[in-house]
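Colleague: Here it is, the structure, as structure tokens.
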Amino acid sequence: NLSRNIIHHLRDSNDVRIVDPELIKTTAVNYYHQLLGTENQTVQPFTKTQIQNLHPYRCDYSMATNLSYVPSNEEIIKSLFSLPKNKAPGPDGFTRDFFTFSWDLVGTDLIAAVKDFFVSSYMLPQLNSTVIALIPKVSGADRLTDFRPISLCNTVYKVISRILSSRLKLLAPLVVQRNQAGFVEGRLLCENILLATELVTDFNKDGDVKRGCLQIDISKAFDNLDWKFIVNLLEAFELPHVFVNWIYLCIST
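Numbered by the UniProt record's numbering, the letters in the sequence shown go through residues 1 to 253 in order.
Below you can see the structure in the form of structure tokens.
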């Protein structure tokens with residue numbers, strides 16, 4: 001029920017219990033602004049040239065064509081109807097189910113809105129706005145580190161990003177090495193568990209070569225990626241400029 005979704009109190013970094021609703025809001029906003037909205041001035045992303053020296057892939061004409069065309073009506077419709085049902089709405093309040101149930105009335109407008117993004121290479125800030133919902137990771141969560149933030153996006157934005165992600169799937173197997181098993185279609189993360197087990201089997205034996213390993217869990221890994229690095233990476237692969245710009249418009253705010 002609704003009462004279970006309300007944060008009644010929080011503890012700040014000094015372990016002070018906060019119960020005032022306005023202070024709870026301010027504390028949460030400040031925390032996520034520091035975490036997600038502050039640029040890191042001490043770390044500079046790899047440049048396009050540096051990445052090209054490390055990775056040999058260069059986009060050919062065929063791939064460029066597959067990445068940069070304006071989607072057809074059928075592709076837009078397929079992307080919309082493939083979105084999961086019964087999901088919370090973004091800031092505009094219109095869910096995927098609203099568009100599918102009212103398709104005869106609003107379908108033409110949705111198709112026009114999506115196509116306008118691809119033709120004009122411009123995204124309205126309102127389309128790219130989100131609502132951050134906090135999901136407790138543990139029972140009785142009362143610190144912001146105990147919550148998992150998820151972004152509730154607008155449906156038009158979801159359709160656009162799904163079209164772009166389906167095109168990135170064509171590229172991923174060509175640029176992500178085989179030992180990277182996660183988040184690439186057709187690969188299984190469990191393969192790397194077996195690989196890691198084999199690699200550390202003889203770590204305890206004496207030998208001439210020194211060994212070491214790190215287990216790293218990066219907090220908010222994607223959210224901390226520098227947008228400029230993502231652009232540099234895509235440009236290093238010599239992807240079409242229009243496609244790189246589409247990606248940037250979707251990930252930047």
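For each residue, glycine too, the CB sits at the ideal point set by N, CA and C. Bear in mind the structure is a predicted one, so any value in this text is a computation, not a measurement.
1. Considering only the alpha carbon of each residue, which of P91, L170, V106, L171 lies closest to I132?
2. Mind pulling the alpha helix (DSSP H) runs of 4 or more residues that sit fully within the segment 185-253?
3. L134 and F118: beta carbons closer than 8 Å?
4. Can you list, in chain order, the residues of its chain whose CB lies under 6 Å from that of G107, leaving out five sequence neighbours each side?
5. Bridge partners of S151, per DSSP?
6. Could you tell me the distance, in whole angstroms, from the CA atom of V159 to the CA atom of N30?
7. Would you check if there are 3 or more beta carbon pairs closer than 8 Å linking the segment 58-71 to the segment 166-177?
8. Among the candidates Q44, T95, G212, whose CA atom is the shortest distance from the CA of K228?
9. DSSP has I18 in a bridge; who is on the other side?
10. Which two residues bound the contiguous alpha helix (DSSP H) that contains G182?
11. Could you spell out where the alpha helix (DSSP H) holding S121 opens and where it closes?
12. So what does DSSP say about residue 312, is it helix, strand or coil?
13. My guess is that S151 and T130 are in contact by the Cβ rule of under 8 Å, so how many angstroms apart are they, rounded?
14. Please report the Cβ distance between residue 256 and T155, rounded to the nearest whole angstrom; I am assuming they are in contact, meaning their Cβ atoms lie under 8 Å.
15. Mind checking whether H9 and V19 have CB atoms under 8 Å apart?
16. Might you give, ordered along the chain, the residues of its own chain that have their beta carbon closer than 7 Å to the beta carbon of A181, omitting 5 neighbours on each side?
17. Considering just the uninterrupted stretch of the alpha helix (DSSP H) at S62, what are its terminal residues?
18. What is the DSSP secondary structure of T49, reduced to helix, strand or coil?
19. Check T26 in the structure and name its three-state DSSP category.
20. State the CB to CB distance for the pair L234 and I251, rounded to an integer number of angstroms; the pair is presumed to be in contact (CB under 8 Å).
21. Specify the secondary structure class of K158 as computed by DSSP and reduced to three states.
Modeller: From the atom records:
1. One-based indexing of the sequence shown puts residue 132 at position 132. With distances taken between Cα atoms, I132 lies closest to P91.
2. If we require 4 residues or more, the alpha helix (DSSP H) runs fully inside the segment 185-253 come out as 190-199, 227-236, 241-251.
3. Indexing the sequence shown from 1 puts residue 134 at position 134. Indexing the sequence shown from 1 puts residue 118 at position 118. Going by C-beta atoms, L134 is not nearer than 8 Å to F118.
4. Position 107 of the sequence shown, counting from 1, holds the residue named residue 107. Here the set comprises nothing.
5. Taking the first residue of the sequence shown as 1, we reach residue 151 at position 151. S151 is bridged to I132.
6. For the purposes of this step, residue 159 is taken as the residue at position 159 of the sequence shown. For the purposes of this step, residue 30 is taken as the residue at position 30 of the sequence shown. Taking the straight line joining both Cα atoms gives about 31 Å.
7. Taking 8 Å as the limit for Cβ pairs, the verdict is that the segment 166-177 does touch the segment 58-71.
8. Within the sequence shown, the letter at position 228 stands for residue 228. If we check each option's Cα against that of K228, Q44 comes out closest.
9. For the purposes of this step, residue 18 is taken as the residue at position 18 of the sequence shown. Beta-bridge pairing links I18 to L10.
10. As a first step, residue 182 must be located in the sequence shown, where it is residue number 182. Taken as a continuous stretch (DSSP letters only), G182 belongs to no alpha helix (DSSP H), as it is neither H nor E.
11. In the sequence shown, residue 121 corresponds to position 121, counting from 1. Looking at the DSSP string, S121 is not in any alpha helix (DSSP H), and its letter there is neither H nor E.
12. Coverage of the chain is limited to positions 1 through 253, which leaves residue 312 absent and any answer about it impossible.
13. Here residue 151 refers to the residue found at position 151 when the sequence shown is read from its first residue. Here residue 130 refers to the residue found at position 130 when the sequence shown is read from its first residue. Going by Cβ atoms, the distance from S151 to T130 rounds to 4 Å, so yes, they are a contact pair.
14. Absent from the structure is residue 256, since the part of the chain shown begins at 1 and ends at 253.
15. Here residue 9 refers to the residue found at position 9 of the sequence shown. Here residue 19 refers to the residue found at position 19 of the sequence shown. Yes, they are a contact pair.
16. What you label residue 181 is simply residue 181 of the sequence shown in a count that begins at 1. Closer than 7 Å at the Cβ level, and outside the excluded window around A181, lie R187, L188, L189, E191, N192.
17. The count along the sequence shown starts at 1 and reaches residue 62 at position 62. S62 -> alpha helix (DSSP H) spans 61-68.
18. Here residue 49 corresponds to residue number 49 of the sequence shown, with the count starting at 1. Of the three classes helix, strand and coil, the one that applies to T49 here is helix, per DSSP.
19. Here residue 26 refers to the residue found at position 26 of the sequence shown. Reduced to three states, the DSSP call for T26 is helix.
20. Walking along the sequence shown from the start, residue 234 turns up at place 234. Walking along the sequence shown from the start, residue 251 turns up at place 251. Not confirmed; about 11 Å, so no contact.
21. Looking up residue 158 in the sequence shown gives position 158. Three-state DSSP puts K158 in a helix.
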